[in-house]
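Just below is one structure, and these are the notes that go with it.
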Amino acid sequence: MKTRTKKTLPTARNGPVFSVPNAVLVDRSSGEGYARVTLAGIHGAPAARPGQFLMIRRLGSAALPRAFSVLRAESDRVELFIKLDGLLRELLGAVPLGTRFELRGPYGVPYEDRIDPNGRYVLVGGGSGAAPLLFLHERRPDLVEDVVLGFRHEGAQWLLRGYELVVESADGRRAHDRLADVWRQGLGIIACGPEPMLRAITSRYGDQPRVYVSLEARLGCGIGSCLGCSIPTPAGTRRICKDGPLFAASELPWLR
Amino acid sequence: MTPGRCPFSVASPIVLASGPAGFGTELAERTDLSAIGALTTKTVTPQPREGNPQPRLVDCPCGMINSIGLENPGFDVFVERCLPDVLSLPTRHIISVAAERPEELARMVGALSAIEGIDAIEINLSCPNVDAVVIGSDRALVGRFTEAARGATERPLLIKLPGDAGHVVASAEAALDAGADGLTLINSIRGLRIDHRVGRPMLHRETGGLSGPAILPIALARVFEARKAFPDALIVGTGGVTDLESAIEMMAAGADLVGVGYGMMANPQLPTQLARRLEAWLAERRLDSVKEVIGVAHRGGFDVP
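These protein sequences, in sequence, are chains A and B.
Going by our numbering, the first residue of the first sequence is number 1, and it counts up by one from there.
Going by our numbering, the first residue of the second sequence is number 257, and it counts up by one from there.
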């Protein structure tokens, strides 16, 4: 695939951006290691599009907020699908309903603005990387050929009813093993998940057209100014938060 | 207003510290920069720098450690492509530069000096994230770099010093003796985190610069010591200010201007909010001028009724 030049790269525009001083945790279903959480009181929530993320911290905290991909956005609510690990468990998993949060976003380039709109895609998610992909599946089923979601354990299955998960602890198979079964020439891939999964996918399919991976890093500002999330590409450094999070596999030769 | 020894008028003593605000353009889309005193740009170096590999940020109790590594497009590209946008932002403009040799510093400062609209030049002698020696910890080097910059400009010149390396008052004295107008105190403090599960440093570059509320007391001490030693120097107090109370503390310790870095990274609206809260607080306290707050900790404090 031709390397994109800087001029053709969309970056996140100053679109509808909300800054909500007191979003409320109104719902949470927890599975083994994962949870779906709903925050309400977010005016303009539906402006969030698949692939975009929010920066969230406890109300009144001086901590650096954490970035969360949106699973669903409607009315005044945003739903997230999160891994209950360390700080995230503390932030959203172990607090009572009614807890208030500062929330800002949506940031990042929506997946739809980065991918070839004429392709059909296999969506490959690992763990909480499922969130933006399921959001894309909901909003743009016409783009989706198949959805492959890998998890280490089966605990998340009931949180993601309607999808048949690939569970490593059950039969040793991982998301990219299942991808090999369903992918065929001509299909694109959009992947979001842990780095070893992304590496396996770009190593095998990176030379195909329309292969995209969504990257993660500890973000600082979320708006593209602090350069905490810069990564190298053949065309120069790019910011995961503002130029990404989705990148074409050809832009990430180091991820092979 | 013209707080303390600030050589120009500002909308507020709250300014954006060099670093997380980048060149200000992203922030300008989201907050009213005309409410804050000044933007200090991310540090620009003579040659382009890619910065350090990921991971560059790691959380800490009360703050974070960064190892950005002075990522910037290099001075010439900055002047041609970025500076015009910086200068169009509706606030005062402080341009931050760093170099490994005094001659390179003089070249950049001289070139900036010829450009209209630059209100001050800050010399970063204290980045903890590059291999070069932390110049700001060595008073002889501080003197040489400051002299080189001073020789190249008549614009207000700030020297940014480390809070944890060397003797800050000695370095500050060297900078002021060499003609600096003021000091920016402090840069982030070198710190380390290790992932206990694997026993390895969490940042690719191992150590980085600690910022956030964790360093507020250190910044306050350096500003307090410097103000005591140099009553006439302009001081920009930077380090861990995230709310009105800490901004007042910083001014009371002796800062004429208060830099916000980490706080802006966590909440891009914070500098504007702080500027407004400070203005309201001054009015509420019936303080005639911000000068009554600056350095008040050296004068026995406020008259509390």
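Even glycine gets a Cβ: it sits at the ideal position worked out from N, Cα and C.
Check, Outcome
"Alpha-carbon to alpha-carbon, residue 514 (chain B) and residue 503 (chain B)", "7 Å"
"Buried or exposed (CB count within 10 angstroms, at least 16 for buried), residue 176 (chain A)", "buried"
"Cut-off 6 Å between Cβ atoms - residues of its own chain near residue 28 (chain A), not counting five sequence neighbours on either side", "35 and 37"
"Neighbour flag for residue 313 (chain B) against chain A, beta carbons, 8 Å", "yes"
"Interface flag, residue 8 (chain A) vs chain B, CB-CB below 8 Å", "Only weak support is given to the placement of residue 8 (chain A): the predicted model assigns it a pLDDT of 42, under 50, and the value that follows is read from those uncertain coordinates. Not closer than 8 Å to any Cβ of chain B, the Cβ of residue 8 (chain A) fails to qualify, so no."
"Minimum C-alpha distance to residue 362 (chain B) - residue among B:403, B:328 and B:336", "B:403"
"Close-in-space but distant-in-sequence residues of the same chain around residue 335 (chain B) (CB under 7 Å, 5 per side omitted)", "367"
"Residues that DSSP places opposite residue 349 (chain B) in a beta bridge", "B:295"
"Contacts that residue 232 (chain A) makes with chain B (C-beta to C-beta distance below 7 Å)", "306"
"Cut-off 8 Å between Cβ atoms - residues of its own chain near residue 501 (chain B), not counting five sequence neighbours on either side", "none"
"According to DSSP, residues forming a beta bridge with residue 328 (chain B)", "B:305"
"CB contact below 8 Å: residue 62 (chain A) versus chain B", "yes"
"Straight-line gap, residue 149 (chain A) to residue 192 (chain A) (C-alpha atoms, nearest Å)", "10 Å"
"7 Å Cβ shell around residue 83 (chain A) - same chain, five flanking residues per side excluded", "33, 34, 127 and 128"
"Spatial distance of residue 398 (chain B) from residue 39 (chain A) (CA atoms)", "51 Å"
"Beta-carbon gap between residue 58 (chain A) and residue 91 (chain A) smaller than 8 Å", "yes"
"One or two residues paired with residue 101 (chain A) in a DSSP bridge", "A:23 and A:58"
"At least 3 beta-carbon pairs within less than 8 Å: the region 70-86 of chain A vs the region 529-548 of chain B", "no"
"Every unbroken alpha helix (DSSP H) within the region 186-210 of chain A, with a cutoff of 4 residues, ordered by chain", "195-205"
"Any beta strand (DSSP E) of 3 or more consecutive residues that is wholly inside the region 443-472 of chain B", "445-448 and 463-467"
"In chain order, each alpha helix (DSSP H) run of at least 4 residues that lies wholly inside the region 379-422 of chain B", "395-406"
"Where residue 395 (chain B) falls, given that 16 or more other Cβ within 10 Å makes a residue buried", "buried"
"Collapsed DSSP secondary structure at residue 550 (chain B) in the structure displayed", "coil"
"Within chain B, partners of residue 225 (chain A) - CB distance below 7 Å", "276, 277, 278, 282 and 283"
"Burial state of residue 14 (chain A), where buried means 16 or more other Cβ atoms lie within 10 Å", "Unreliable positioning characterises residue 14 (chain A) in this predicted model, as indicated by a pLDDT of 47, which lies under 50. The coordinate reading is nonetheless provided below. So residue 14 (chain A) counts as exposed."
"Per-residue contacts from residue 23 (chain A) into chain B (C-beta, under 8 Å)", "Near residue 23 (chain A) there are no residues of chain B at all, since even the closest Cβ is about 14 Å away, more than 8 Å."
"Residue 257 (chain A): contacting residues in chain B (beta-carbon distance under 9 Å)", "Outside the shown range of chain A, which is 1 to 256, sits residue 257 (chain A), and nothing can be said about it."
"Residues of the region 38-67 of chain A whose Cβ lies closer than 8 Å to any Cβ of chain B, in chain order", "57, 62, 63, 64 and 65"
"Residues of the region 522-540 of chain B whose Cβ lies closer than 8 Å to any Cβ of chain A, in chain order", "522, 523, 524 and 525"
"Residue 214 (chain A) - DSSP class collapsed to helix/strand/coil", "strand"
"Which of helix, strand or coil DSSP assigns to residue 108 (chain A)", "coil"
"Bounding residues of the beta strand (DSSP E) (the contiguous stretch that carries residue 488 (chain B))", "Residue 488 (chain B) -> no beta strand (DSSP E), and no H or E assigned at all."
"The region 203-221 of chain A: positions lying closer than 8 Å to chain B by Cβ", "217, 218, 219, 220 and 221"
"Cα-Cα separation between residue 100 (chain A) and residue 21 (chain A), rounded to whole angstroms", "9 Å"
"Where the region 490-502 of chain B meets chain E: residues whose CB sits under 7 Å from a CB there", "In summary, chain E is missing from the structure at hand, where the protein chains are A and B."
"Validate contact between the region 268-279 of chain B and the region 218-228 of chain A using beta carbons, cut 8 Å, 3 pairs", "yes"
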